[in-house]
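The next block holds one structure in the form of structure tokens; read it before the comments.
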Amino acid sequence: MSVIRPYGDTTGDGMVQLSFTLPIEHSKVAEGAAVQLANKMGMDPALVAHAKPMGEGFTFFVVYGRVNHLVDPSTVEVVERDYPLLTPKEANAAIKRSLRRRLVVVGGCIGTDAHTVGIDAILNIKGFAGEKGLEYYRELKVVNLGAQVSVPQLVEAAREEKADAVLVSQVVTQRDAHLLNTREMSAAFREAYPAAKRPLLVVGGPRFDETMAGELGVDRVFTRGTTPGEVASFIVHRLTSPRTPRAPASTERAS
Amino acid sequence: MSVIRPYGDTTGDGMVQLSFTLPIEHSKVAEGAAVQLANKMGMDPALVAHAKPMGEGFTFFVVYGRVNHLVDPSTVEVVERDYPLLTPKEANAAIKRSLRRRLVVVGGCIGTDAHTVGIDAILNIKGFAGEKGLEYYRELKVVNLGAQVSVPQLVEAAREEKADAVLVSQVVTQRDAHLLNTREMSAAFREAYPAAKRPLLVVGGPRFDETMAGELGVDRVFTRGTTPGEVASFIVHRLTSPRTPRAPASTERAS
Amino acid sequence: MTPPTRRTGSQLGLASADVRRARTLARQVGKPIVDLATRHTTVSVERATLRLAGLGGADPDGTPWVNRLADAVRADVGLEHGVSLPVWDALLRGEADDLLTLAQKAAAGSVTFGIPEGKDATRATSASRKAVGAGIKQIDRQRTARERMIAKVGDAPSKPWIYLIVATGDIHEDIPQAQAAAREGADVIAVIRSTGQSLLDFVPEGATREGFAGTYATQENFRLMRAALDETSRELGRYVRLTNYASGLCMPEIAALAGLERLDMMLNDSMYGILFRDINPIRTFVDQRFSRQVHARAGIIINTGEDNYLTTADAIEAAHTVTTSQLLNEYFAKEAGLEDWQLGLGHAFEIDPEVPDSFRLELAHAMLARELFPDAPLKWMPPTRHMTGDIFKGYLLDGFFNLVGALTGQGILLVGMMTEAVVTPWISDRDLALQNVRYVMNAAGKLHEDFHPAPDGFIANRAREVLGEAVGLLEEIKADRTVAGQPPLLSAIADGTFGLMKRPADKGRGLDGVARKAADYYNPATQILEGEA
Amino acid sequence: MTPPTRRTGSQLGLASADVRRARTLARQVGKPIVDLATRHTTVSVERATLRLAGLGGADPDGTPWVNRLADAVRADVGLEHGVSLPVWDALLRGEADDLLTLAQKAAAGSVTFGIPEGKDATRATSASRKAVGAGIKQIDRQRTARERMIAKVGDAPSKPWIYLIVATGDIHEDIPQAQAAAREGADVIAVIRSTGQSLLDFVPEGATREGFAGTYATQENFRLMRAALDETSRELGRYVRLTNYASGLCMPEIAALAGLERLDMMLNDSMYGILFRDINPIRTFVDQRFSRQVHARAGIIINTGEDNYLTTADAIEAAHTVTTSQLLNEYFAKEAGLEDWQLGLGHAFEIDPEVPDSFRLELAHAMLARELFPDAPLKWMPPTRHMTGDIFKGYLLDGFFNLVGALTGQGILLVGMMTEAVVTPWISDRDLALQNVRYVMNAAGKLHEDFHPAPDGFIANRAREVLGEAVGLLEEIKADRTVAGQPPLLSAIADGTFGLMKRPADKGRGLDGVARKAADYYNPATQILEGEA
Ligand code: B12
Ligand code: B12
Ligand SMILES: Cc1ncc(COP(=O)(O)O)c(C=O)c1O
Ligand SMILES: Cc1ncc(COP(=O)(O)O)c(C=O)c1O
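Structure, rendered in structure tokens:
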């Protein structure tokens, strides 16, 4: 696919809209500073469409202009789905066939995060976007630990339940809480298990970057709009296909 | 003044909001392309908060993230007001004193632009933002040619009226119409007059860049929110202070 | 078009006597203008007639053949007789086999025109009538085609119709954007014209790609866009209407082209050209009447331009000038044969949002229009003047504009753009704007059931006040005698009554294109359109 | 606080019998919970008592002295007698000259506590009552100070009060942002707590700068922010209120600190901690009652958390659970001595905007709350769940939320943020949000004069339907006998009646901090707050 530019109302015009606050009283200089920032971002010309003094020493700006950057979709790295989407029926069958026992999933929100709606959407029967949650799968045993589970509690529960997969949700991202907590979690599992025995680690939340599985030390990252079916299919695929040493999720070039 | 960064909710966090359309179907790759653009603009991390497919082959994005650029207000170039603000009274007095006749101002919208509200705000008695327009000044003779005046008509009128200053408005900026028309206009006046005799050329409009007077070959550029008083004061200052060869408006560094 | 939901009785307590009085005054003020119009013709009316007779195309430097031919005729015999008799006389004399050849020879100066008399005149009359009649039949066919297509693919699903603007300046960018807009929910697409076209005394030819802030109105651009929208209409299962501007110096010709290419609506205001383009008042009123007769025949809905006043005058102080202009536009329209369902009378949400109760004032004004013109598909226009670079505030304001539309049963809703104060609409602006409309209509579309302004409350009182001021203004106008013998409306326009613009009857562009009709003036188009034997 | 504009009669045609029935049921369901609460105490109630007696500060590793002391007492004599008698007995025995020293010695293990008897008991009783009484006097002084300051600088100019959130996690960033927000028009500032604080069984000490998505609630942070807002209140000539959260495991202590530092409102819901923080139900109800008694005394307005249900349950299906919870919160509040003007009962604009008529449904729900609790300053909460990364859509939605607020006379309006789905509010989000509120209130604030839902129309019917469902639910709860002898409400909560969360009475955090009172249990605070001799 060839390179593209942002599109305002004409092909190639490169137009974008930008807004931000600068910690400076409103003045001509402040507006100039706003243009300077826009220029540094590659916007030229940059038009300050709106400048609003806020409180003391702050000004909010809306800037319009053309960026001269080119976008090359062919170099974009995305995590392509590298597993087949299974119906609950197929998933159950696959588990029966290769494990000959129910597959155990332990899930929860770690750290101080109490946003359970996301993980519940994946785990609870009720499900999400019309798909039933993992609890609906006959061959899955789901243990939902709920909110604000500490990492030791999580490892402990995984051990007790002999978890095949551990599902962790992180919604609060302020000060990168989600990244810190996830790293802490994966480290703890590496601590507690020999590499080959460690359960499959899956983390999800609306503000994760799917390509970060490697850095975070987990097997997969799911983000906005994930459906239970995708998660079940992934788990089943990874745990029922001939066991390979855990490589972090592969990121591939778009075609 | 020291360097600053955009301010989201914490000093130095560098957070900004960006939106744009890419001419590409919505997909993971498209979202990756959006991040790529944001990265090229210096946003890192960049979060695609919203991606909306539009029509065929277009996707609209809202992106949030931190920019690592620094903004240095001390290097901002602005056109500082290099003339005293006069009341109508003072302006009239100054004209009487140094010209001993009324100062003639010819104004209008050139090209195909029919947006007269702006120039009228400056010229008509009614005025703008509580200030009376130039017609209110006893010592100013104002000839308002109205909308869609061709450059030859303008030069012609300036000649007839023995204009001391010519005021031109440009509001439509699509395809840089305002810049093309302004250059055509200033060129025509350089053609038609010996340098020393050429009337003062002033152009204005909401989307002009004040620092461009030089490039545009005019004596001054006024933009959003200009008031009649500022314009009158400028004209009087330039035409009643000891005549210097016309240097385009000086841009100075902010202090 | 299904008539707008009509509320029984007056919610605003308008006295029907006042309403009648207003209409009577509008007729009294308008009639002298109509008489004036019938006494004159213009170069554009004559060129429109030639276009109806099938003369199109342009010479190598882009001057349309209709201009070359009309100019040649005028040079020889003047305009006062109309061009039809001289032209078809020349053809009958064998100067050329067809109009195009005749135009070319005329351009080359190798024909001289004269006024036929007696038998020749009769033959020229019927020949021209036959030729022009063919064009009008084509307009009739297009009207039927529209009705058939609507019956086949279906009409816009609900009111108000969603009206969206495209304005790239390039017809080949306009088309995909218009189709995208239609898919996103637009019922009406308006292609904005390039700035300045209204001042051209000719209609450009062919597909164009270089307009400023708009795209040139040309027959080919009309054809291309209508064809694209027909395709999209079939795809979507609803007929998507196309709009352009019958205004400026070529109003009659553009109206004719609109009829021939099946445009569905045309902006066509009785005074816009005078006030906002400084076009001579008489020229405008003559062109106006002809173009409205064409629109009436073509089944085209006109959109009037009262919104524009509020961009130069204050929306509260000048509210009654909008009502006055609506009444005049209604009179002129009906006189020209347009029916209620064809009257897209304009009004706009332009009150300064800082004004206390601004929203309720907008409601009062919108309901007044709704009650005065119960069967007209009012065109409700979004905030523009008080839109700023604050796109968020702008998006909110557009939402409340949409809410007024829902609460007052508007027929056509021009979708506001959050970037109004910044750029001509981007593709994303339109998409966001439509989402705004959809939310408001879906979430609060039925709120009018719960909305009942008190009979003597703020809203009803304001509405009655505005109607009163409009009646007062019409009375003033009617009484205006500043120029003896001149229709009072012309004097009022000269005094800056509308949009604060002063436009004297003997000034403005295009006056030289006007001629008082001679006794033997003949124009087959007018004759057919006015349904004479 | 001026009572909210009260409409005479019912616009919704609610039968007063149904309303009475609903209140009776709430009392019948609530009473057993109150009895349960009076039979128990908790570590936090006891620590709150010590704080009222003036014990503050923390040991070198940040454990508050109140925790160290209470734990020591509990280790020696258990919690069932309350800590007051053992503690003041020890002081009277000369173990230490003051509470702090005593706490330090207790922490070092060099004191043993006992239950005084006879005379000793009497002396310990009066000594403790004197000490705690001092704290309560301080709370009274703060209440008077608030009233004085309002009288002096003036109150919030109009209803609804504009309620804004700051949440930087750093008190020193919170302060300038709160002051900016106040200058831009906020009447109430809420400092959101760091995630997880509610699960801490101690109250952190000092000024803090490292919260996650919120700032820790500490006495020093309270003091700093209140001082800053006092300064701003004087500057602006209107008293700016401060809000925090009396919830989580330290609810009673935080309530006490709020009273001592003159906070003006506290989020304080009877079930939030149970449902959304998995805190043990009994622990919560006991802490709840004590904290409400403190709030009543301090003249603090409580804000209940019904909005939260709609973040996990559907806003239409669960509408009646909101009404039910409001009725229960009202009962528990009145029982604890709070007055109508102190009841900021919560409800929210959380219906999926895609649902047809969603706006009218919101109006129906909001009007129902308004009519059921005419004298309570209802707290109206913005859309959160259906906010997305589409900040423009979000800004529009917030505008329509504000409009419902204006149409239904809400007392407290929590300002919605367009970035709800993206980040914790930025300074610009707040500024834009306030501008949104200002526009709506200024332009359409009086629209309720023109808004009259038909007695049997969509809105009134929906409101009656929801009330009916609420009554039905209360009857179900009342009839719940799943666990013999257990208050039916506990069983209902265990069944997931609210917010779809299942919370059994014997599970959840903090149960180990609960004790059944012994016969000789004594708590001077409760005694004073309940106004016993
Ligand atoms: C509902 C909600 C709440 C509810 C939570 C109820 C509950 N039991 O979950 C309540 C009211 C309790 C709440 C409280 C708070 N909240 Co809250 N809340 C929200 C809200 C409105 C919606 C979140 C939601 O439910 N989304 C719907 C679900 C289905 O989407 P999702 O979480 O993205 O999950 C999907 C995918 O991400 C993925 N996924 C998610 N997890 C996982 C896990 C796995 C393993 C997999 C495979 C996939 C997966 O699959 C899901 C389905 O597609 C958001 C704002 C918003 N509109 O997003 C704020 C928001 C998340 N909350 C926020 C905050 C700050 C708080 C508080 C800290 C505020 C406070 N101090 O009071 C508190 C404390 C909570 C805490 N201690 O963590 C912030 C977070 C800011 C940030 N980026 O850090 C937000 C964004 C609001 C804001 N702008 O301030 N909140
Ligand atoms: C009012 C208006 C109209 C009115 C104009 C009436 C009239 N007689 O002026 C009408 C309805 C006729 C109109 C028509 C069109 N308009 Co118009 N219109 C506007 C609108 C809503 C407000 C402009 C305005 O009056 N601003 C108020 C004045 C006081 O501000 P100002 O012009 O900036 O002037 C101030 C300063 O700039 C400065 N200044 C300006 N000129 C000068 C000159 C001198 C010498 C000095 C010293 C200072 C100075 O001083 C003034 C006071 O501070 C804007 C949108 C908006 N909200 O901005 C669109 C807008 C300007 N219009 C636009 C367009 C495209 C058109 C049309 C071409 C659309 C069409 N095809 O139909 C037509 C054709 C007009 C033409 N041929 O030029 C676009 C321009 C897009 C662009 N950037 O190129 C805008 C931005 C709307 C949009 N987003 O599409 N328009
Ligand atoms: C009634 C009417 N006619 C015509 C136009 C377009 O005018 P022009 O093409 O001259 O810019 C407008 C623009 O808004 C209008 O409102
Ligand atoms: C009633 C109530 N209490 C407390 C809180 C804050 O809870 P926490 O501090 O546990 O996050 C909220 C948050 O929205 C609430 O609504």
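Chains as they are written, first to last, in numbering that gives the first Met the number 0: chain A, 0 to 254; chain B, 0 to 254; chain C, 0 to 532; chain D, 0 to 532. Just so it is clear, CB atoms sit at the ideal spot from N, CA and C, and this is done for glycine as well.
Notebook entry, point to check: Between the beta-carbon of Gly184/D and the beta-carbon of Leu433/D, is there less than 8 Å?
Noted result: yes
Margin query: Looking at ligand 4, does it come within less than 7 Å of Gly415/D, judged from the CB to the closest heavy atom?
Written below: No.
Item checked: Cβ of Ile278/D within 8 Å of any chain G Cβ -> This model lacks chain G altogether; the protein chains it does include are A, B, C and D.
Notebook entry, point to check: Is the Cβ of Ala368/C closer than 8 Å to any Cβ of chain D?
Noted result: no
Checklist line | Proximity of Arg508/C and Asn267/C at Cβ, strictly below 8 Å | finding: In this structure, Arg508/C sits away from Asn267/C, with a CB-CB distance that is not shorter than 8 Å.
Checklist line | For Phe112/D, the three-state DSSP class (helix, strand or coil) | finding: In the three-state scheme derived from DSSP, where H, G and I count as helix and E and B as strand, Phe112/D is classed as coil.
Checklist line | Interface partners of Phe201/D on chain C, CB under 8 Å | finding: Here the premise fails: no neighbours, minimum Cβ distance about 42 Å.
Notebook entry, point to check: Going along chain C, which residues have a C-beta under 7 Å from Asn441/D?
Noted result: Pro355
Item checked: Pairwise C-alpha distance: Leu36/B and Glu251/A -> At Glu251/A, the pLDDT of 48 sits below 50, so the modelled position is not reliable; the number obtained from the coordinates is stated separately. If I take the Cα positions, the gap works out to 19 Å.
Notebook entry, point to check: In three-state terms, what does DSSP make of Leu199/D?
Noted result: Leu199/D falls in the coil class under three-state DSSP.
Notebook entry, point to check: On the three-pair Cβ rule with 8 Å, is the stretch 45-53 of chain D touching the stretch 495-511 of chain D?
Noted result: Here the stretch 45-53 of chain D makes no contact with the stretch 495-511 of chain D; the two share fewer than three CB pairs at distances below 8 Å.
Next item on the list: Answer with yes or no whether the minimum CB distance from Phe127/B to chain A is below 8 Å.
Entry: Contacts with chain A at 8 Å (Cβ-Cβ) do not include Phe127/B.
Item checked: CA-to-CA distance, Leu309/D to Ala146/A, given in whole angstroms -> About 18 Å.
Note to self: What does the alpha-carbon distance come out to for the pair Asp208/A and Val34/B?
What the structure shows: Rounded to the nearest angstrom, the gap between the Cα atoms of Asp208/A and Val34/B is 11 Å.
Note to self: For the pair the stretch 63-80 of chain A and the stretch 130-144 of chain A, tell me if three or more CB-CB distances fall below 8 Å.
What the structure shows: No, the stretch 63-80 of chain A is not in contact with the stretch 130-144 of chain A.
Check: Apart from the five residues on each side of it in sequence, which residues of its chain come closer than 6 Å, Cβ to Cβ, to Ser15/C?
Finding: none
Check: Where does Trp425/C sit, in a helix, a strand or coil, going by DSSP?
Finding: coil
Item checked: Proximal residues of chain C, C-beta to C-beta of Phe450/D below 9 Å -> Leu446, Asp449, Phe450 and His451
Note to self: Can you tell me which residues form a DSSP beta bridge with Phe19/B?
What the structure shows: Assignment of beta-bridge partners to Phe19/B by DSSP yields Phe60/B.
Checklist line | Alpha-carbon to alpha-carbon, Tyr238/C and Ile149/C | finding: 6 Å
Note to self: Residues of chain D with CB closer than 7 Å to the CB of Gly145/A, please, in chain order.
What the structure shows: Within chain D, the residues whose beta carbon sits less than 7 Å from that of Gly145/A are Asp277, listed in sequence order.
Check: In chain C, which residues lie less than 8 Å from Met386/D when you measure between Cβ atoms?
Finding: Contacts between Met386/D and chain C, judged by CB atoms closer than 8 Å, are missing: the closest CB pair is about 13 Å apart.
Note to self: For a contact defined as C-beta to C-beta under 9 Å, what are the partners of Gly456/D on chain C?
What the structure shows: Glu448 and Asp449
Check: Contact between the stretch 175-192 of chain A and the stretch 9-24 of chain B: three or more CB pairs below 8 Å?
Finding: no
Checklist line | First through last residue of the alpha helix (DSSP H) which encompasses Phe348/D | finding: Here Phe348/D belongs to no alpha helix (DSSP H), and DSSP marks it neither H nor E.
Margin query: Taking the alpha-carbon of Glu316/D as reference, which of Ser357/D, Ala95/D, Asp339/D and Gly298/D has the nearest alpha-carbon?
Written below: Ser357/D
Checklist line | Simplified DSSP state of Phe450/D, which is helix, strand or coil | finding: strand
Note to self: Can you check whether the C-beta of Ser18/B is within less than 8 Å of a C-beta belonging to chain A?
What the structure shows: yes
Notebook entry, point to check: List, in order along the chain, the chain D residues whose C-beta lies closer than 9 Å to that of Ala48/B?
Noted result: Thr387, Gly388, Asp389, Ile390, Thr418, Ala420, Val421 and Val422
Next item on the list: Go to Thr40/C, then tell me how far its beta strand (DSSP E) extends in each direction, as first and last residue.
Entry: His39 to Thr41
Item checked: 4-residue-minimum alpha helix (DSSP H) runs that sit fully inside the stretch 58-137 of chain B, ordered along the chain -> 87-98 and 116-122
Notebook entry, point to check: Leaving out the 5 sequence neighbours to the left and right, which residues in its chain are closer than 6 Å to Pro52/B when beta-carbon positions are compared?
Noted result: His25 and Thr58
Check: Thr207/D: beta carbon under 7 Å from a heavy atom of ligand 4?
Finding: no
Next item on the list: Kindly say whether Tyr135/B, judged by its beta-carbon, lies nearer than 8 Å to any beta-carbon of chain D.
Entry: no
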